[in-house]
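Trainee:
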Amino acid sequence: MTEKQPMLLRQIPQVDALLNTQKGRELASRFSPGLLSRALRSVLNQLRQALLAGKTSLPSADALLVEAEQALNTLFESRKPVVINATGVLLHTNLGRAPMMEAAAKAAYAVGTNYSVLEYDLDTGVRGYRQQAVESLAADLLGAESALVVNNNAAAVLLMLAALARGREVIVSRGELVEIGGSFRVPEVMSQSGCQLREVGATNKTKPGDYESAIRDETAALLKVHTSNYKVVGFTQSVDLPDLSKIARRAGLPLLADLGSGALLPLSSYGLMEEPNPAEALARGADVVCFSGDKLLGGPQAGILAGKKDLIAAMKRHPLMRALRPDKMTLAALEATFMAYQDEAYAKREIPLYQMLETGVDELHRRASALRDALKDCPILETEVIPSQAQLGGGSAPGEMLASIALSIKPRGQSVDALAKRLRLGEVPVITRIQQDRVLLDLLSVREEQLSLLAQLLKAACREGD
Ligand SMILES: *Cc1c(COP(=O)(O)O)cnc(C)c1O
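Position one of the sequence shown corresponds to residue 16 (the working numbering), numbered consecutively onward.
Below is the structure:
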């Protein structure tokens, strides 16, 4: 600490003094004195930290108020994207997975800010079932007898097992005891649901006979889990749905399938291996399938269950259902998303994930070049447009790459980590990838409408770097 700093620390203005300036009074009438005080306390706190860390000047009262105003604007009035995802990972779980289509967000907004017919039947004027619309839409779309929506796919697996197998055994291949980031592990979810895991086969090979010989009186179901985020390669074997379905049918047991992402559209045209399609999985013999709403579906966080009517009905009746049921905004957004899938071309045009996947490499090259041009007068950032490899992420298509283009930035006079941090801490955070001493901005995951903002943020990072 320099000698000046204790003095500067003492000179930090009081919140009340700032509230009593002209700008303070203006802002207080716009946002309320309570909210403004709260924002100012946070600004002053940051200032205190900065002074302790060596900052040597005190901003003016007006500058402090402007900072608080910006924070409140971001909270209440900002129409800016929350972050720009330049990692090239399209379904980045840490960045909120799939962005929703506009119609879905608008539907959520409309029911969120109004009364709605959530549990009201307009025909009869009495209580209705809250998930009727979205569930019949999902069932239609997936060719299922019935469907059910819960908060996320982990909840779907939990409910499915609790309702159909509590106190009994569920047979799963050892090759499918998946852990999906965070804390979702198939064996643990099974034990929480009150059923016993019966592992069969080996990590790399499970054969039809392994399932058959494990079936006994205690068996309640067979479960197939999509190995979303890893691949077993080499000397491998697993039993696919049609064969499993024959085994299940002979034993009079339901066949359950956790599909993970569940792709409603084919992925091969993007150069990816197909992910399980829920309608197809049902047609191939699964009795119940479940999958996430915010992975390849491109909707809100949700878990979708679909399949045999009596099995879905048992889940609907289960006491856990009340704890796992989604809110009205999720239901509205999911309904809009399912509507979009009524027409494949419409879904590809409107759902952000598919908009991004549909963007060709030439177009990405053009966008990257425009960003490079925006930085051409920046003396401290050396830029280059390079081929890049993006990926789906979110536990989909593990290890498979999507052809993409990146703006590669080599900072002069600062480290790549410092530049990446500067971009993260800009007015709108830009999340990048660091590779071989360069900061890479992968253009596949950057929304088209964010490009001019991204150019501004890059220029700002250049100015601050001086
Ligand atoms: C992602 C995934 C889950 C968890 O889904 P959430 O929607 O994140 O709860 C469960 N099972 C599989 C196979 C998955 O890929």
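Just so it is clear, CB atoms sit at the ideal spot from N, CA and C, and this is done for glycine as well.
As the structure is a prediction and not an experimental result, all values here were calculated from the model.
Taking Cβ to Cβ, would you say V304 is nearer than 8 angstroms to L274?
Mentor: Yes, they are a contact pair.
Trainee: So, with DSSP's three-state summary, where would you put K324?
Mentor: K324 falls in the helix class under three-state DSSP.
Trainee: Could you tell me whether any non-hydrogen atom of ligand 1 is closer than 7 angstroms to the CB of V172?
Mentor: Because some heavy atom of ligand 1 lies under 7 angstroms away, the Cβ of V172 counts as near it: yes.
Trainee: With I319 and V201 assumed to form a contact (beta carbons below 8 angstroms), what rounded beta-carbon distance in angstroms separates them?
Mentor: Contact doesn't hold; Cβ gap of about 18 angstroms is too wide.
Trainee: G275: beta carbon under 7 angstroms from a heavy atom of ligand 1?
Mentor: Correct: G275 has its Cβ closer than 7 angstroms to ligand 1.
Trainee: Enumerate, from N- to C-terminal direction, the unbroken alpha helix (DSSP H) stretches of 4 or more residues contained entirely within the segment 356 to 381.
Mentor: Listed in chain order, the complete alpha helix (DSSP H) runs (minimum 4 residues) inside the segment 356 to 381 are 359 to 365 and 367 to 373.
Trainee: For the alpha helix (DSSP H) containing R437, list its first residue and its last residue.
Mentor: V431 to R439 is the span of the alpha helix (DSSP H), which, as asked, contains R437.
Trainee: Going by other Cβ atoms of all chains shown within 10 Å of its Cβ, with 16 needed for buried, is T251 buried or exposed?
Mentor: T251 is exposed by the Cβ-count criterion.
Trainee: If you scan the segment 142 to 218 from start to end, which runs of the alpha helix (DSSP H) of 4 or more residues do you find wholly inside it?
Mentor: DSSP runs (the alpha helix (DSSP H)) wholly in the segment 142 to 218: 147 to 157, 168 to 180 and 201 to 207.
Trainee: With distance defined between alpha-carbon atoms, name the residue in L282, S47, S260 and P223 nearest to A412.
Mentor: The shortest Cα separation from A412 among L282, S47, S260 and P223 belongs to L282.
Trainee: DSSP three-state label for A113, please.
Mentor: A113: coil per DSSP, three-state reduction.
Trainee: Taking 7 angstroms as the line, does the beta carbon of G414 fall inside it for any heavy atom of ligand 1?
Mentor: No, Cβ of G414 sits at least 7 angstroms from all heavy atoms of ligand 1.
Trainee: My guess is that Q404 and S419 are in contact by the Cβ rule of under 8 angstroms, so how many angstroms apart are they, rounded?
Mentor: About 6 angstroms; that satisfies the 8 angstroms criterion.
Trainee: Is the distance from the Cβ of A78 to the Cβ of L55 below 8 angstroms?
Mentor: Against a cut-off of 8 angstroms, the Cβ pair of L55 and A78 comes out as no contact.
Trainee: In its own chain, which residues sit with a C-beta less than 7 angstroms from the C-beta of G69, not counting the 5 before and 5 after it?
Mentor: Nothing meets the Cβ criterion.
Trainee: Taking 8 angstroms as the threshold, find out whether the segment 345 to 362 comes into contact with the segment 435 to 442 through three or more Cβ pairs.
Mentor: No contact exists between the segment 345 to 362 and the segment 435 to 442.
Trainee: Is the segment 284 to 296 close to the segment 128 to 147, with three or more CB pairs under 8 angstroms?
Mentor: Judged by Cβ distances under 8 angstroms, the segment 284 to 296 makes no contact with the segment 128 to 147, as fewer than three pairs qualify.
Trainee: Helix, strand or coil for Y245 per DSSP?
Mentor: DSSP places Y245 in coil when its eight states are reduced to three.
Trainee: For a test of your reading of the model: does the CB of I195 fall under 7 angstroms from any non-hydrogen atom of ligand 1? Yes or no.
Mentor: It does: the Cβ of I195 is within 7 angstroms (strictly closer) of some heavy atom of ligand 1.
Trainee: Could you give the DSSP three-state label for A118: helix, strand or coil?
Mentor: Residue state, collapsed to three classes: helix.
Trainee: For P48, report the span of its alpha helix (DSSP H) as first-last.
Mentor: Taken as a continuous stretch (DSSP letters only), the alpha helix (DSSP H) holding P48 covers P48 to L67.
Trainee: How many Å lie between L238 and L326 at the Cα?
Mentor: For L238 and L326, the distance between alpha carbons rounds to 14 angstroms.
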